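Enquirer: Those protein sequence lines, which keep their order, are chains A and B. Read left to right, the first sequence gives residues 0 to 389 (numbering that gives the first Met the number 0). Read left to right, the second sequence gives residues 0 to 389 (numbering that gives the first Met the number 0). Where a beta carbon is used, it is the ideal one built from N, C-alpha and C, also for glycine. It should be emphasised that the depicted structure is a prediction, and the values quoted were computed from it without experimental measurement.
2 protein chains.
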Amino acid sequence: MKKHFRVIESCPETRARIGELITPHGTIITPAFMPAASQGTVKTLTPQEVRDIDISIILSNAYHLYLRPGIETIQKLGGLHQYMAWDRPILTDSGGYQVFSLAALRRIDDEGVLFRSHIDGSEHFLTPELIIESQEKLGADIIMPLDECVAYTDDKTVVRRAMERTHLWAERCLKHHKSNQSLYGIIQGGVFSELRRQSVAAITSFGFSGYALGGLSVGETKELTWEIVSETAALLPKSQPRYLMGMGSPEDIVTGVALGIDLFDSALPTRVARNGALFTRTGRKNIRNAAYNTKDKATDAECDCYTCRTFSAAYLHHLFKCEELLAYRLATIHNLRFIVRLLQEIRDNIQEGTFSAFQKGFLAHYQPTDQEIRLNQKQKWLKRMLNDQK
Amino acid sequence: MKKHFRVIESCPETRARIGELITPHGTIITPAFMPAASQGTVKTLTPQEVRDIDISIILSNAYHLYLRPGIETIQKLGGLHQYMAWDRPILTDSGGYQVFSLAALRRIDDEGVLFRSHIDGSEHFLTPELIIESQEKLGADIIMPLDECVAYTDDKTVVRRAMERTHLWAERCLKHHKSNQSLYGIIQGGVFSELRRQSVAAITSFGFSGYALGGLSVGETKELTWEIVSETAALLPKSQPRYLMGMGSPEDIVTGVALGIDLFDSALPTRVARNGALFTRTGRKNIRNAAYNTKDKATDAECDCYTCRTFSAAYLHHLFKCEELLAYRLATIHNLRFIVRLLQEIRDNIQEGTFSAFQKGFLAHYQPTDQEIRLNQKQKWLKRMLNDQK
Numbered sequence: 000m001k002k003h004f005r006v007i008e009s010c011p012e013t014r015a016r017i018g019e020l021i022t023p024h025g026t027i028i029t030p031a032f033m034p035a036a037s038q039g040t041v042k043t044l045t046p047q048e049v050r051d052i053d054i055s056i057i058l059s060n061a062y063h064l065y066l067r068p069g070i071e072t073i074q075k076l077g078g079l080h081q082y083m084a085w086d087r088p089i090l091t092d093s094g095g096y097q098v099f100s101l102a103a104l105r106r107i108d109d110e111g112v113l114f115r116s117h118i119d120g121s122e123h124f125l126t127p128e129l130i131i132e133s134q135e136k137l138g139a140d141i142i143m144p145l146d147e148c149v150a151y152t153d154d155k156t157v158v159r160r161a162m163e164r165t166h167l168w169a170e171r172c173l174k175h176h177k178s179n180q181s182l183y184g185i186i187q188g189g190v191f192s193e194l195r196r197q198s199v200a201a202i203t204s205f206g207f208s209g210y211a212l213g214g215l216s217v218g219e220t221k222e223l224t225w226e227i228v229s230e231t232a233a234l235l236p237k238s239q240p241r242y243l244m245g246m247g248s249p250e251d252i253v254t255g256v257a258l259g260i261d262l263f264d265s266a267l268p269t270r271v272a273r274n275g276a277l278f279t280r281t282g283r284k285n286i287r288n289a290a291y292n293t294k295d296k297a298t299d300a301e302c303d304c305y306t307c308r309t310f311s312a313a314y315l316h317h318l319f320k321c322e323e324l325l326a327y328r329l330a331t332i333h334n335l336r337f338i339v340r341l342l343q344e345i346r347d348n349i350q351e352g353t354f355s356a357f358q359k360g361f362l363a364h365y366q367p368t369d370q371e372i373r374l375n376q377k378q379k380w381l382k383r384m385l386n387d388q389k
Numbered sequence: 000m001k002k003h004f005r006v007i008e009s010c011p012e013t014r015a016r017i018g019e020l021i022t023p024h025g026t027i028i029t030p031a032f033m034p035a036a037s038q039g040t041v042k043t044l045t046p047q048e049v050r051d052i053d054i055s056i057i058l059s060n061a062y063h064l065y066l067r068p069g070i071e072t073i074q075k076l077g078g079l080h081q082y083m084a085w086d087r088p089i090l091t092d093s094g095g096y097q098v099f100s101l102a103a104l105r106r107i108d109d110e111g112v113l114f115r116s117h118i119d120g121s122e123h124f125l126t127p128e129l130i131i132e133s134q135e136k137l138g139a140d141i142i143m144p145l146d147e148c149v150a151y152t153d154d155k156t157v158v159r160r161a162m163e164r165t166h167l168w169a170e171r172c173l174k175h176h177k178s179n180q181s182l183y184g185i186i187q188g189g190v191f192s193e194l195r196r197q198s199v200a201a202i203t204s205f206g207f208s209g210y211a212l213g214g215l216s217v218g219e220t221k222e223l224t225w226e227i228v229s230e231t232a233a234l235l236p237k238s239q240p241r242y243l244m245g246m247g248s249p250e251d252i253v254t255g256v257a258l259g260i261d262l263f264d265s266a267l268p269t270r271v272a273r274n275g276a277l278f279t280r281t282g283r284k285n286i287r288n289a290a291y292n293t294k295d296k297a298t299d300a301e302c303d304c305y306t307c308r309t310f311s312a313a314y315l316h317h318l319f320k321c322e323e324l325l326a327y328r329l330a331t332i333h334n335l336r337f338i339v340r341l342l343q344e345i346r347d348n349i350q351e352g353t354f355s356a357f358q359k360g361f362l363a364h365y366q367p368t369d370q371e372i373r374l375n376q377k378q379k380w381l382k383r384m385l386n387d388q389k
């Protein structure tokens with residue numbers, strides 16, 4: 000089997016690096032961002048648009064697809080790539096996070112997890128083996144084991160128990176894994192350095208194609224998130240890809256890259272787009288603000304996306320005010336293109352040896368959304384998602 | 000000024016004809032269909048997609064744009080074409096129909112109509128002159144006068160009064176009209192042959208660039224609609240375009256063309272698409288039906304649209320079940336392309352002298368939605384629209 004990953008270039012001042020991730024559906028240059036295509040579609044976009052934005056890999060979700068339309072349905076229709084007409088790489092998450100955040104949990108033990116569907120209340124029992132088989136049938140390029148995710152807590156016993164079960168399941172996933180898909184291990188351990196160290200030791204000892212940092216951005220402060228990312232990433236093997244699960248705002252990406260992260264995924268860029276928040280180099284702008292009603296220029300004058308090339312901020316504002324469906328798409332195109340261009344700039348700067356200065360400059364100009372607002376939004380969003388999907 | 004319209008070819012057996020409609024933004028070959036872009040967007044689509052489908056002219060609405068974002072806003076931003084990034088012809092409806100169907104009417108007299116906005120309850124007074132000025136500022140290629148629309152009724156006095164006011168307003172619109180936009184006259188008169196004859200006599204005596212049949216499909220049976228269309232179209236000058244307002248289902252288009260109609264508009268193809276109803280040559284198919292869950296082929300195997308070329312019916316079914324926004328777009332693309340291809344086939348058959356046989360064949364295979372269902376849907380839709388937009 001071909002080597003899955005190699006580092007091409009490293010930053011002399013930070014842990015940032017450029018890598019090549021080789022998959023059956025093509026090579027991805029890292030650092031890279033994977034937009035969420037949880038239900039087999041990057042919300043509002045056609046696969047052609049996702050290509051035009053120059054997204055190199057997307058993230059889908061075995062939990063969502065297992066419940067609807069069903070794994071066997073997709074398998075019969077030729078696998079996930081053919082089903083959704085996307086011919087570039089796909090990573091499928093196992094859906095561990097969704098089982099613990101969306102579903103009504105019935106029982107969890109070492110064997111697996113019994114839950115009720117958030118869609119129709121039907122009961123399902125997921126095991127590490129079933130999750131691997133499901134992802135093999137879907138046919139993604141990179142797949143993830145079942146893990147146990149807990150929300151942020153200072154109860155070390157709870158976190159340790161979930162971590163130990165994650166290790167047990169990781170080993171079973173690896174044993175059951177027969178395809179040529181790349182299987183990554185997931186590091187758990189909450190905000191406890193000691194547990195994170197234990198988790199890295201256990202998971203890397205099994206030997207996976209790459210390593211993911213799970214259980215972060217689940218309610219803890221940003222400071223704590225980055226402390227744990229920094230410590231944990233430093234312990235992971237340099238020669239393998241590192242994936243920070245569920246984080247992908249512009250500021251997260253710049254900071255994560257500096258700490259040695261190669262892969263990011265997040266529903267944030269597409270979700271906030273649908274709320275009218277557009278990324279610019281100075282921060283998110285809310286296109287619903289009355290000030291945009293007559294703004295003749297593009298929302299982000301520096302951007303080369305279809306939206307910014309074609310429409311004024313005034314028109315986009317109008318579409319949002321009228322709740323026209325086109326609004327959500329145009330904003331999504333912009334935010335994803337912003338992320339793709341940001342990553343290109345990050346890689347160029349790593350290449351040129353100027354990444355550290357770039358990072359400082361970016362973070363000095365980019366006004367991130369206030370932490371309190373951010374946590375509130377996350378709570379509201381989780382609540383709404385639960386209600387929406389009941 | 001260049002001649003606005005000329006007939007190129009006529010069917011020897013029916014009143015069908017091919018024509019050329021010359022406008023500042025290009026020539027339209029008729030019969031043609033105008034999709035609704037009431038708020039300055041063909042719902043769910045970018046202008047590029049509308050072009051790719053090969054739509055030659057769209058219909059926007061002065062009433063909607065007057066209320067939001069405001070006529071002056073669009074004028075300042077370079078007019079409607081530039082605002083919405085559409086460089087082919089546009090027809091703007093005056094919004095008479097919307098004032099009478101959407102707004103809360105306060106008072107109507109010969110001077111104009113006082114109403115409350117369906118969006119924010121603000122009070123507005125529309126006059127024929129204001130409507131013409133608004134449409135001149137928007138800059139559409141073809142514009143419409145203010146008319147008084149009444150729902151289907153057998154009270155001839157009510158219909159006559161509205162018709163007489165429509166005539167009065169038509170004359171004022173024509174007097175106030177100074178741009179090089181083509182202004183069409185609107186024929187009213189409900190389902191009364193005598194009134195329709197009077198309306199044709201009055202409106203054609205003023206001399207417009209084209210003639211529209213208004214006040215149809217407002218609650219009367221289809222049989223009655225076609226009786227009135229047939230009688231009225233026959234009285235209109237052959238050398239000018241005839242526009243059937245607010246009708247544009249596949250069966251309506253085929254029937255209307257046979258009666259000498261050149262232009263159609265309707266929100267139906269795009270609206271039913273968003274409900275999951277896809278046109279095929281045997282009638283509308285509901286993609287939400289469970290039978291499509293595993294259908295590997297395109298919804299309409301004969302279609303060349305992006306949706307049918309790219310995705311299985313199963314995938315489209317999945318998107319609708321998940322309420323993914325992409326679903327509404329993919330269905331809209333298909334339905335509009337279906338209409339465009341139908342019109343191309345109609346024109347080819349007129350050209351070849353085989354239109355009459357084509358019409359019979361089409362109507363024999365196409366199963367229209369049952370009249371009772373249709374009227375119920377229309378009621379439900381109007382009610383929902385009112386609620387949505389309150």
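Does DSSP put B/Asp-387 in a helix, in a strand, or in coil?
Expert: Counting from 1 along the second sequence, the entry for residue 387 of chain B is found at position 388. At B/Asp-387 the pLDDT is 45, less than 50, meaning the model places this residue with poor confidence; the figure from the coordinates comes in the next sentence. Looking at B/Asp-387 - three-state DSSP - the assignment turns out to be helix.
Enquirer: With 8 Å set as the bound, which would you pick, yes or no: does the beta-carbon of A/Gly-39 sit closer than that to a beta-carbon of chain B?
Expert: On the first sequence, residue 39 of chain A is found 40 positions in, with the first residue counted as 1. Yes, A/Gly-39 lies at the interface with chain B (some Cβ there is under 8 Å from its Cβ).
Enquirer: Among all the DSSP beta bridges, which residues are the ones paired with A/Gly-209?
Expert: Counting from one through the first sequence, the residue named residue 209 of chain A turns up at place 210. Answer by DSSP bridge pairing, in chain order: A/Tyr-183.
Enquirer: Who are the Cβ neighbours of B/Leu-362 in its own chain at under 7 Å, not counting the five residues just before and after it?
Expert: Mapped onto the second sequence, residue 362 of chain B falls at position 363. Excluding sequence neighbours, B/Leu-362 sits near Glu-250 and Val-253.
Enquirer: Got a sec: is the Cβ-Cβ distance from A/Lys-75 to anything in chain B below 8 Å?
Expert: To locate residue 75 of chain A, count along the first sequence from 1; it is residue 76. For A/Lys-75, the answer is yes, since a Cβ of chain B falls inside 8 Å of its Cβ.
Enquirer: If you follow the alpha helix (DSSP H) that B/Arg-390 is in, where does it begin and where does it stop?
Expert: Residue 390 of chain B lies beyond the residue range present for chain B, which begins at 0 and ends at 389; the question has no answer from this structure.
Enquirer: Take the Cβ of B/Asn-179 as the centre, count every other Cβ of all protein chains shown within 10 Å, and call the residue buried at 16 or more, exposed below.
Expert: Looking up residue 179 of chain B in the second sequence gives position 180. Its Cβ having fewer than 16 others within 10 Å, B/Asn-179 is exposed.
Enquirer: Along the chain, where does the alpha helix (DSSP H) that runs through A/Tyr-65 open and close?
Expert: Within the first sequence, numbered from 1, the residue matching residue 65 of chain A stands at position 66. From DSSP, the alpha helix (DSSP H) with A/Tyr-65 extends over 61-66.
Enquirer: B/Ile-141 and B/Thr-22 - do their beta-carbons sit closer together than 8 Å?
Expert: Reading the second sequence from its first residue, position 23 is the one you call residue 22 of chain B. Reading the second sequence from its first residue, position 142 is the one you call residue 141 of chain B. For B/Thr-22 and B/Ile-141, yes; Cβs fall inside 8 Å.
Enquirer: Could you check if B/Glu-322 is buried or exposed, using at least 16 other CB atoms within 10 Å of its CB as the buried criterion?
Expert: In the second sequence, residue 322 of chain B corresponds to position 323, counting from 1. Per the 10 Å Cβ criterion, exposed.
Enquirer: Going by Cα to Cα distance, which pick from B/Ala-272, B/His-166, B/Arg-159 and B/Gln-81 is closest to B/Gly-439?
Expert: Past the boundaries of the shown model lies residue 439 of chain B; chain B is included only from 0 to 389, so the question cannot be answered.
Enquirer: Cα separation between A/Lys-221 and A/Arg-50?
Expert: For this step, residue 221 of chain A is matched to residue 222 along the first sequence. For this step, residue 50 of chain A is matched to residue 51 along the first sequence. Each residue's Cα considered, the two are about 32 Å apart.
Enquirer: Note down the Cα distance separating A/Glu-344 from A/Phe-357, rounded to an integer number of angstroms.
Expert: Numbered from 1 along the first sequence, position 345 holds the residue referred to as residue 344 of chain A. Numbered from 1 along the first sequence, position 358 holds the residue referred to as residue 357 of chain A. If I take the Cα positions, the gap works out to 9 Å.
Enquirer: Among B/Ser-55, B/Phe-32, B/Ile-17 and B/Leu-44, which has the Cα closest to the Cα of B/Thr-26?
Expert: As a first step, residue 26 of chain B must be located in the second sequence, where it is residue number 27. Per the Cα distances, B/Ser-55.
Enquirer: Run through chain A and tell me which residues come within less than 9 Å of B/Thr-391, C-beta to C-beta.
Expert: In the structure displayed, chain B extends from 0 to 389; residue 391 of chain B sits before or after that span and is not available.
Enquirer: When you compare only the Cα positions, how much space is there between B/Gly-18 and A/His-24?
Expert: Position 19 of the second sequence, counted from the start, is the residue given in the question as residue 18 of chain B. Position 25 of the first sequence, counted from the start, is the residue given in the question as residue 24 of chain A. Near 50 Å, if we compare the C-alpha coordinates of A/His-24 and B/Gly-18.
Enquirer: Could you work out which residue in A/Ile-185, A/Ala-61, A/Gly-259 and A/Gln-197 is closest to A/Ala-169 when comparing CA atoms only?
Expert: Residue numbering aside, residue 169 of chain A sits at position 170 when the first sequence is read from its first letter. Closest option to A/Ala-169, Cα to Cα, is A/Ile-185.
Enquirer: What's the gap between the Cα of A/Ser-100 and the Cα of B/Leu-243?
Expert: As a first step, residue 100 of chain A must be located in the first sequence, where it is residue number 101. As a first step, residue 243 of chain B must be located in the second sequence, where it is residue number 244. The alpha-carbon atoms of A/Ser-100 and B/Leu-243 are separated by roughly 53 Å.
Enquirer: Give a yes or no on whether the minimum CB-CB distance between A/Gln-366 and chain B is below 8 Å.
Expert: On the first sequence, position 367 is the one that residue 366 of chain A refers to. Closer than 8 Å: no.
Enquirer: Could you list the residues in the segment 280-311 of chain A with a C-beta less than 7 Å from some C-beta on chain B, going in chain order?
Expert: If the cut-off is 7 Å between Cβ atoms, the segment 280-311 of chain A has Asn-292, Thr-293, Asp-295, Thr-309, Phe-310 and Ser-311 near chain B.
Enquirer: Return the CA-CA distance between A/Arg-287 and B/Asn-60, expressed in angstroms with no decimal places.
Expert: Position 288 of the first sequence holds residue 287 of chain A. Position 61 of the second sequence holds residue 60 of chain B. Rounded to whole angstroms, A/Arg-287 to B/Asn-60 spans 22 Å at the Cα level.
Enquirer: Report all residues from its chain with a CB closer than 7 Å to the CB of B/Thr-368; omit the five preceding and five following residues, and keep chain order.
Expert: For this step, residue 368 of chain B is matched to residue 369 along the second sequence. Cβ within range, chain order: Arg-283.
Enquirer: Figure out for me which residue from B/Ile-57, B/Glu-48, B/Leu-194 and B/Arg-115 has the closest Cα to the Cα of B/Gln-38.
Expert: As a first step, residue 38 of chain B must be located in the second sequence, where it is residue number 39. When only C-alpha atoms are compared, the closest one is B/Ile-57.
Enquirer: Which residue from B/Glu-147, B/His-175 and B/Ser-181 puts its Cα closest to that of B/Ser-198?
Expert: Indexing the second sequence from 1 puts residue 198 of chain B at position 199. Here the closest residue by C-alpha is B/Glu-147.
Enquirer: Does any CB atom of chain B fall closer than 8 Å to the CB of A/Pro-68?
Expert: In the first sequence, counting from the first residue as 1, residue 68 of chain A sits at position 69. Closer than 8 Å: yes.
Enquirer: Of the residues A/Met-33, A/Ile-130, A/Met-143 and A/Glu-128, which one's Cα is nearest the Cα of A/Asn-334?
Expert: Taking the first sequence and counting its residues from 1, the one referred to as residue 334 of chain A is at position 335. When only C-alpha atoms are compared, the closest one is A/Met-33.
Enquirer: Whole angstroms are fine: how far does the CA of A/Ala-102 sit from the CA of A/Lys-389?
Expert: Numbered from its first residue, the first sequence carries residue 389 of chain A at position 390. Numbered from its first residue, the first sequence carries residue 102 of chain A at position 103. In this prediction, A/Lys-389 scores a pLDDT of 39, lower than 50, which makes its location untrustworthy; no coordinate-derived value is stated.
Enquirer: When the Cβ atoms of the segment 112-132 of chain A are set against those of the segment 76-87 of chain A, are three or more pairs found closer than 8 Å?
Expert: Judged by Cβ distances under 8 Å, the segment 112-132 of chain A makes no contact with the segment 76-87 of chain A, as fewer than three pairs qualify.
Enquirer: Below 8 Å on the Cβ atoms is my guess for A/Thr-331 versus A/Lys-42; work out the distance and round it to an integer in Å.
Expert: Position 332 of the first sequence, counted from the start, is the residue given in the question as residue 331 of chain A. Position 43 of the first sequence, counted from the start, is the residue given in the question as residue 42 of chain A. 7 Å between Cβ atoms; contact.
Enquirer: Just checking: is the beta-carbon of A/His-317 within a distance shorter than 8 Å of some beta-carbon in chain B?
Expert: Here residue 317 of chain A is taken as the residue at index 318 of the first sequence, counted from 1. It does: the Cβ of A/His-317 has a partner Cβ on chain B nearer than 8 Å.
Enquirer: Could you check the C-alpha separation between A/Lys-2 and A/Ser-238 for me, to the nearest Å?
Expert: Walking along the first sequence from the start, residue 2 of chain A turns up at place 3. Walking along the first sequence from the start, residue 238 of chain A turns up at place 239. Those two C-alpha atoms are separated by around 10 Å.
Enquirer: Report the three-state DSSP secondary structure of B/Gly-282 (helix, strand or coil).
Expert: Locating residue 282 of chain B in the second sequence gives position 283, counting from the first residue. Of the three classes helix, strand and coil, the one that applies to B/Gly-282 here is strand, per DSSP.
Enquirer: Quick one: complete beta strand (DSSP E) runs, 3+ long, within the segment 241-284 of chain A?
Expert: DSSP runs (the beta strand (DSSP E)) wholly in the segment 241-284 of chain A: 241-243, 262-265 and 276-279.
Enquirer: Tell me, please, whether the CB atom of A/Glu-219 is closer than 8 Å to any CB atom in chain B?
Expert: Stepping through the first sequence from its first residue, residue 219 of chain A is reached at position 220. False, the Cβ-Cβ gap to chain B never drops below 8 Å.
Enquirer: For A/Arg-69, tell me which candidate among A/Arg-16, A/Leu-129 and A/Gly-218 has the shortest Cα-Cα distance.
Expert: Within the first sequence, residue 69 of chain A is the residue found at index 70, counting from 1. The sequence shown places Gly at residue 69 of chain A, not Arg. For the residues A/Arg-16, A/Leu-129 and A/Gly-218, the minimum Cα distance to A/Gly-69 belongs to A/Leu-129.
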